[in-house]
Amino acid sequence: MTTATAALVARLLREDLRGQTAYGAPQLDVPVRLNTNENSYAVPVAVIAAITEAVADCARDLNRYPDREFSALRADLASWLTEQTGVPVVAEQMWAGNGSNEVLHHLVTAFAGPGRAVLGFTPAYSMHPIISRTAGSTWIDGHRGAPTGVFDLAAADVVAQVREHRPNLVFLCSPNNPTGTALDLDVVEAVLGAAADTVVVVDEAYAEFARPGTPSAISLLAAYPTLVVTRTMSKAFALAGGRLGYLAAAPEVVDALRLVRMPYHLSTPTQAIARAALAHRASLLAEVEAIKIQRDRMVERLGVLGFDPVPSDANFVLFGGLADEAASWQALLDQGVLVRDVGIAHHLRVTAGTPEETTAFLSALEALPAPHRMHPVPTPQGASA
Ligand SMILES: *Cc1c(COP(=O)(O)O)cnc(C)c1O
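-5 is the number of the first residue of the sequence shown in the working numbering; add one for each residue after it.
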């Protein structure tokens, strides 16, 4: 493209989008890819067969539009969510999109949009501000300032910011990406109690990986009509390529989303693939426990190696203790290990991989020369060397 065309396009573009950067996690072909929190395990053979059959079965009818209401899929999602949380959820409370990013876009478009405000608490999911700005909303970068740690979110602090900004929609993320830790439900309830005219979205993309005893905001749905909980099949279900995200909310909230979605937004194959995956959830979700073991191994070992891991309820770990995170990111990549620089000084984020991938990451990190570290290399004690 010529400079003249670039200048022309810049003039044609919406003023509020000029100078914005697009989402851009690197997609590099390296041996160990631990940068976008995908499930590290391939789809099992039995599930591949079921998905292939489901797609073949619907191919003949592709001359027709898909079921616009994706009713069968919504019923399947409701029964899965009921099973996972122990909270009864019905199909009328369910909504889905091409990834939970699209579901979040529906929410922001319907309840915020131009001239309205969205509040989130950085560092959190990088798509929350991008989706909000895309929809024309004003993004308010809330802060985390809890007394117990830099990444914690205290109820009083969140409530004060909600009262100050009176946003139309607030994003909470639990377990939080990129920090990894789940929120106490009292924080969610405090926000709901303080802001009756605000839609409260709890992004639970990693809920299936939470440590035992971590409650889901799904349990609050019956009490709060302004609460929306979003989930995805991209992580625990090993279905990032299938693009299926969903939410649970009051049926009236779901009804409002019909105003902003494009008709037939979920293709017939997408619905068929998601239903086949849900029907085979036992084998797809079997690897979640294995991934949690590697996650816990990473947290433990990172501490032993003299870095500062953040406790994780997700399939990734944020760790500090790096002198220069960009230099360490490159040095790990030079050893074939791709992790994520999430823009937090002295920190990197790494996805829990297979046992072999996790070993490759830990070895590559251990091999970094001393100047990469903020803390001295710990002297090995007993078995850990
Ligand atoms: C990965 C992720 C998503 C999922 O996005 P999809 O569009 O469903 O693939 C949503 N929220 C958070 C916090 C995530 O990390």
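Where a beta carbon is used, it is the ideal one built from N, C-alpha and C, also for glycine.
Inter-residue Cα distance where the pair is residue i and residue j
i	j	result
Leu11	Trp133	13 Å
Leu332	Val344	8 Å
Val41	Phe231	11 Å
Pro305	Asn57	50 Å
Ile285	Thr226	17 Å
Tyr17	Val196	21 Å
Thr(-3)	Val3	10 Å
Asp151	Val185	10 Å
Glu77	Ala234	22 Å
Gly91	Leu7	27 Å
Glu183	Ala149	9 Å
Tyr258	Pro209	34 Å
Ala379	Thr173	Residue confidence is low: Ala379 scores 42 on pLDDT, short of 50, so the model does not pin down where it sits. Its coordinate-derived value is still stated next. When rounded, the distance between both Cα atoms is 28 Å.
Arg138	Thr103	26 Å
Ala377	Glu9	Because Ala377 sits at a pLDDT of 49, beneath the cut-off of 50, its placement in the model cannot be relied upon, and the following sentence gives the value as read from the coordinates. Near 60 Å, if we compare the C-alpha coordinates of Glu9 and Ala377.
Ser131	Leu362	43 Å
Gly207	Ala320	36 Å
Arg289	Arg54	43 Å
Ala358	Arg275	34 Å
Val26	Ala346	11 Å
Leu22	His340	23 Å
Tyr59	Arg110	34 Å
Glu158	Gly136	11 Å
Glu32	Val336	16 Å
Leu214	Val81	9 Å
Met121	Glu360	32 Å
Tyr240	Glu294	33 Å
Contact check, residue i vs residue j, beta carbons under 8 Å
i	j	result
Val156	Ala201	no
Gly315	Arg367	yes
Pro161	Thr192	yes
Arg334	Ala19	yes
Ala118	Asn171	yes
Asp307	Ala176	yes
Thr79	Ile212	yes
Val194	Gln87	no
Ala242	Val254	no
Thr352	Met292	yes
Ala398	Ser126	The structure shown does not extend to residue 398, since the chain spans only -5 to 379, so no value can be given for it.
Phe64	Gly114	no
Phe313	Leu296	yes
Pro370	Val298	no
Leu163	Val112	yes
Leu272	Trp74	yes
Continuous beta strand (DSSP E) stretch holding residue i: start and end
i	result
Phe64	Where Phe64 is concerned, there is no enclosing beta strand (DSSP E), given that its DSSP letter is neither H nor E.
Thr132	Thr132 to His137
Thr116	Ala111 to Thr116
Phe310	Phe310 to Gly314
Asp197	Val193 to Asp197
Met88	Met88 to Gly91
Leu342	Leu342 to Thr345
Val102	No beta strand (DSSP E) contains Val102, which is instead part of the alpha helix (DSSP H) from Ser94 to Phe105.
Ala232	Here Ala232 belongs to no beta strand (DSSP E), and DSSP marks it neither H nor E.
Ala85	Run containing Ala85: none; DSSP gives neither H nor E here.
Ala242	Gly239 to Ala242
Cβ-heavy atom distance, residue i to ligand 1, below 7 Å
i	result
Tyr119	yes
Asn309	no
Asn33	no
Thr175	no
Ala199	yes
Cys167	yes
Ser228	yes
Gly239	yes
Ala234	yes
Gly93	yes
Asn57	no
Asn171	yes
Residue range of the alpha helix (DSSP H) that includes residue i
i	result
Ile287	Ala280 to Val298
Ala45	With the sequence shown as reference, residue 45 is identified as Ile, and Ala is not the correct amino acid for it. First-last of the alpha helix (DSSP H) with Ile45: Val39 to Ala53.
Asp249	Pro245 to Leu251
Leu166	Looking at the DSSP string, Leu166 is not in any alpha helix (DSSP H); the run it does join, the beta strand (DSSP E), is Leu163 to Cys167.
Gly187	Leu179 to Ala188
Arg127	Met121 to Thr128
Ala176	Here Ala176 belongs to no alpha helix (DSSP H), and DSSP marks it neither H nor E.
Ala266	Thr262 to Ala273
Thr352	Pro349 to Glu360
Ser34	Neither: Ser34 is in no alpha helix (DSSP H) and is coded neither H nor E.
Does the pairing of the stretch 256 to 269 with the stretch 52 to 72 give three or more beta-carbon distances under 8 Å? Output reads yes: the stretch 52 to 72 touches the stretch 256 to 269.
Answer yes if the stretch 43 to 54 comes into contact with the stretch 200 to 215, meaning at least three C-beta pairs across the two stretches below 8 Å, and no otherwise. Contact annotation: the stretch 200 to 215 does not touch the stretch 43 to 54, with fewer than three C-beta pairs closer than 8 Å.
Taking 8 Å as the cut-off, does the stretch 347 to 367 touch the stretch 50 to 66 (at least 3 CB pairs, one atom from each stretch)? no
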